[in-house]
Amino acid sequence: MGQELSLGVGEHAEKSEWSRRAFIFCGAAAVSGLAFWGIRRATVAAARPLTADEGPRVVTVVRFGADGKEIGRTTGPRLTKTDDEWRRLLGRDAYWVMRHADTERPFTGSLLEEERRGIFTCAGCDLALFSSAAKFDSGTGWPSFWEPIAPENMVETPDGSMMVVRTAVSCRLCDGHLGHVFDDGPKPTGLRYCMNSVAMKFVRFA
Numbered sequence: 012m013g014q015e016l017s018l019g020v021g022e023h024a025e026k027s028e029w030s031r032r033a034f035i036f037c038g039a040a041a042v043s044g045l046a047f048w049g050i051r052r053a054t055v056a057a058a059r060p061l062t063a064d065e066g067p068r069v070v071t072v073v074r075f076g077a078d079g080k081e082i083g084r085t086t087g088p089r090l091t092k093t094d095d096e097w098r099r100l101l102g103r104d105a106y107w108v109m110r111h112a113d114t115e116r117p118f119t120g121s122l123l124e125e126e127r128r129g130i131f132t133c134a135g136c137d138l139a140l141f142s143s144a145a146k147f148d149s150g151t152g153w154p155s156f157w158e159p160i161a162p163e164n165m166v167e168t169p170d171g172s173m174m175v176v177r178t179a180v181s182c183r184l185c186d187g188h189l190g191h192v193f194d195d196g197p198k199p200t201g202l203r204y205c206m207n208s209v210a211m212k213f214v215r216f217a
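Mapping of the sequence shown onto our numbering: residues 12 to 217, in sequence order.
What follows is the structure, encoded as structure tokens:
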């Protein structure tokens with residue numbers, strides 16, 4: 012009886028010591044994880060649209076006709092406006108998404124269910140962004156595409172605004188925030204350009 016009791020106390024003490032060590036280890040791991048995340052966030056800033064005096068003054072983009080066919084590359088000044096001008100041009104929702112990198116609520120965008128043939132253009136400058144041929148249902152609640160109509164028409168930037176560093180996508184011509192691109196899309200690219208409806212317009216093929 013005494014031997015059994017002694018063994019029970021020893022086992023309890025051993026378990027208590029193991030629990031104490033596990034608690035210390037998990038706590039240290041959590042602190043280290045938070046510290047690493049803080050360092051990661053500190054080195055990767057939140058993506059934001061450029062101001063008028065930042066970035067390139069001249070950009071090269073690819074133009075497309077109303078039938079979706081490429082016209083050619085053009086080089087010219089980047090489109091810049093004052094904050095008040097953008098606010099008046101875009102309207103409330105598009106302004107906050109495109110000029111402050113906000114995100115519209117999922118399954119609310121007007122272009123989510125758009126299935127006609129055409130081109131999705133930038134709501135800020137009408138630059139062609141995506142062809143309807145690359146649109147697919149990602150189930151995420153935002154219009155999704157597996158490739159842009161022309162890579163030259165977009166800028167991809169690391170975005171540290173959330174727990175995981177993402178890749179933000181903006182318009183090359185006006186620098187309006189469009190959404191993010193992820194590597195969990197379908198073939199052939201394996202990419203998912205997850206866009207905000209309010210950041211785009213749909214132009215049906217002529």
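We treat Cβ as the ideally placed atom computed from N, Cα and C, and that holds for glycine.
Contact under 8 Å by Cβ, F216 with R128: Yes.
Cβ distance (whole Å) where G171 is taken to contact A56 below 8 Å: Rounded, the Cβ-Cβ distance is 6 Å, consistent with contact.
Environment of A144 [buried if 16+ CB atoms lie within 10 Å]: Label assigned to A144: exposed.
D194 versus K146: straight-line alpha-carbon distance, rounded: Straight across, the Cα-Cα distance linking D194 with K146 is about 15 Å.
Cβ pair count under 8 Å reaching 3, the segment 179-190 against the segment 148-166: Yes, the segment 179-190 is in contact with the segment 148-166.
In DSSP terms, what A139 is bridged to: Per DSSP, the beta-bridge partners of A139 are T132.
Closer than 8 Å to chain B by CB, G201: Structure shown: chain B not included; a single protein chain is present.
Assigned exposure category for M206 - 16 Cβ within 10 Å defines buried: That one is buried.
Which of helix, strand or coil DSSP assigns to M211: In this structure, M211 counts as strand in the three-state DSSP scheme.
Rounded C-alpha distance that separates K198 from P159: Take the alpha-carbon of K198 and the one of P159: they are about 14 Å apart.
V209 classed as buried or exposed, judged by whether at least 16 other C-beta atoms fall within 10 angstroms: It counts as buried.
Inside the segment 48-105 only - beta strand (DSSP E) runs reaching at least 3 residues: Listed in chain order, they are 69-75 and 81-88.
Cβ-Cβ distance between H188 and A134 below 8 Å: No, Cβ-Cβ distance for H188 and A134 is not below 8 Å.
Residues near R68 by beta carbon distance below 7 Å, same chain, minus five either side: Hits under 7 Å: P88 and R89.
Per-residue burial, T168 [other beta carbons within 10 Å of its own, 16 or more giving buried]: The residue is buried, with at least 16 neighbouring Cβ atoms inside 10 Å.
Neighbour-count burial assignment, P117, 16 or more Cβ in a 10 Å radius: Classification of P117: exposed, given that the 10 Å Cβ count is below 16.
F131 beta carbon less than 8 Å from that of L140: Yes, the pair counts as a contact, with Cβ atoms nearer than the cut-off.
Cβ-based burial, M211 [other Cβ within 10 Å; buried from 16]: Around the beta-carbon of M211, 16 or more other beta-carbon atoms lie within 10 Å, marking it buried.
Opening and closing residue of the beta strand (DSSP E) in which R127 lies: Annotation: R127 is outside any beta strand (DSSP E) and is labelled neither H nor E by DSSP.
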